[in-house]
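Chemist: Sharing a structure, written as structure tokens. Questions coming.
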Amino acid sequence: MAANVEEIYSKYLASLSKEDRLRLLAMLANGLTEVSPSDNKRHSLFELEGLGAEIWKGIDAQEYVDDLRDEWERKS
């Protein structure tokens with residue numbers, strides 16, 4: 022960016038009235054909260070396929086479930 026924020030403020034904004042600075046602040050805030058078309062993109066659940074697979078590498082699924090069930094039985 023050619024000028025930094027402090028320079029922009031001192032050169033252009035500091036002399037504005039309080040009301041104008043508040044309007045500018047509202048405009049900036051609205052610009053940050055607007056949803057862009059890319060934010061609205063729908064996702065598929067299938068995009069999560071394989072996520073975290075490395076965590077389960079080498080773990081037998083049935084053995085894991087059996088261990089959980091045993092743990093639940095002990096707590097009951």
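First residue of the sequence shown? That's 22 in the numbering used here, and the numbers climb one at a time after it. Built from N, CA and C at the ideal position, the CB exists for glycine as well.
#1: DSSP three-state label for Ile29, please.
#2: Please state the DSSP three-state secondary structure of Glu68.
#3: Roughly how many angstroms separate the alpha carbons of Met48 and Arg63, rounded to a whole number?
#4: State the start and end residues of the unbroken alpha helix (DSSP H) segment that holds Ile76.
#5: Which residues in the same chain have their Cβ closer than 6 Å to the Cβ of Leu89, if we skip the five residues on either side of it in sequence?
Modeler: In short, the structure shows the following:
#1: Position 8 of the sequence shown holds residue 29. In this structure, Ile29 counts as helix in the three-state DSSP scheme.
#2: By one-based count along the sequence shown, residue 68 stands at place 47. Here Glu68 sits in helix by DSSP.
#3: Taking the first residue of the sequence shown as position 1, residue 48 is located at position 27. Taking the first residue of the sequence shown as position 1, residue 63 is located at position 42. In a straight line, the C-alpha of Met48 is about 28 Å away from that of Arg63.
#4: Indexing the sequence shown from 1 puts residue 76 at position 55. For Ile76, the enclosing alpha helix (DSSP H) stretches over residues Ala74 to Trp77.
#5: Taking the first residue of the sequence shown as position 1, residue 89 is located at position 68. Closer than 6 Å at the Cβ level, and outside the excluded window around Leu89, lies no residue.
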